Amino acid sequence: MFQNFFEVHNIPAGPIFLKDYGFTEEKFMWTSHSQHKLDRLRELLTTYPGLKFVFVGDSGQKDPEIYHEIATEQPERVRAVFIRDVTEPARDAEVHTLAREVEEAGAPMVLAETSAEAAERAAELDLIREEHVEEVRRDRRREQRESEEPSGFWQRVLGA
Numbered sequence: 001m002f003q004n005f006f007e008v009h010n011i012p013a014g015p016i017f018l019k020d021y022g023f024t025e026e027k028f029m030w031t032s033h034s035q036h037k038l039d040r041l042r043e044l045l046t047t048y049p050g051l052k053f054v055f056v057g058d059s060g061q062k063d064p065e066i067y068h069e070i071a072t073e074q075p076e077r078v079r080a081v082f083i084r085d086v087t088e089p090a091r092d093a094e095v096h097t098l099a100r101e102v103e104e105a106g107a108p109m110v111l112a113e114t115s116a117e118a119a120e121r122a123a124e125l126d127l128i129r130e131e132h133v134e135e136v137r138r139d140r141r142r143e144q145r146e147s148e149e150p151s152g153f154w155q156r157v158l159g160a
């Protein structure tokens, strides 16, 4: 099912970091989601010292704070941070403050309401080619049409 989901959404192959909620003799409780994510990101930065990273998340939980921490610690390792705006204006003000601090540290932090906005900024940052921006727009229009016919969407996701 993961493979079908990734293919449908054009998510490239790569490592997937899942959280272990198991108990051991050494630990009774697990770390927070934020701490787990920070630990995995730091592990990636250490494992691949010559690479720069693009972080993608949304404003719903702690992605902006997590990416802010990494980007202000090591801005030279962060090519860009993309945050999809999915929250109310009160949260937006907090996220804008984090974005300003990331930018001041030297890494671009893009706040986008739509995938098309994010794609446009990605093209401006030379992360994708201009023709891919139109592909994103086309995909969005297709998804909107398919959302009106839910069975087609689920057939693609489930590989049926």
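Heads up, the sequence shown is in our numbering, so the first residue is 1 and it goes up one at a time.
From the three backbone atoms N, C-alpha and C, an ideal C-beta is built for every residue, glycine too.
Treat the numbers as computed from the prediction; the structure is a model and nothing was measured.
Beta-carbon proximity list for A123, same chain, < 8 Å, skipping 5 on both sides: R129, E130, H132, V133
Contact belief for N4 with G159 at Cβ below 8 Å, rounded distance in angstroms: 4 Å
CB contact flag (I66, K37, <8 Å): yes
Extent of the continuous beta strand (DSSP E) run through D58: 53 to 58
Neighbourhood of A99 by C-beta, 7 Å cutoff - its chain only, sequence neighbours within 5 removed: M109, L111
For I128, three-class secondary structure by DSSP: coil
C-beta contact flag for L127 and V81 at 8 Å: no
Cα-Cα separation, A116 to R137: 6 Å
Sub-8 Å separation of K52 and V78 beta-carbons: yes
Alpha helix (DSSP H) runs wholly inside the stretch 88 to 146, at least 4 long, in chain order: 89 to 105, 115 to 124
Local Cβ density within 10 Å of P12, reported as buried at 16 or more and exposed below that: exposed
DSSP three-state assignment for V8, whether helix, strand or coil: helix
C-beta atoms of E113 and D139 nearer than 8 Å: no
Opposing strand residues paired with V81 [DSSP bridges]: F55, M109
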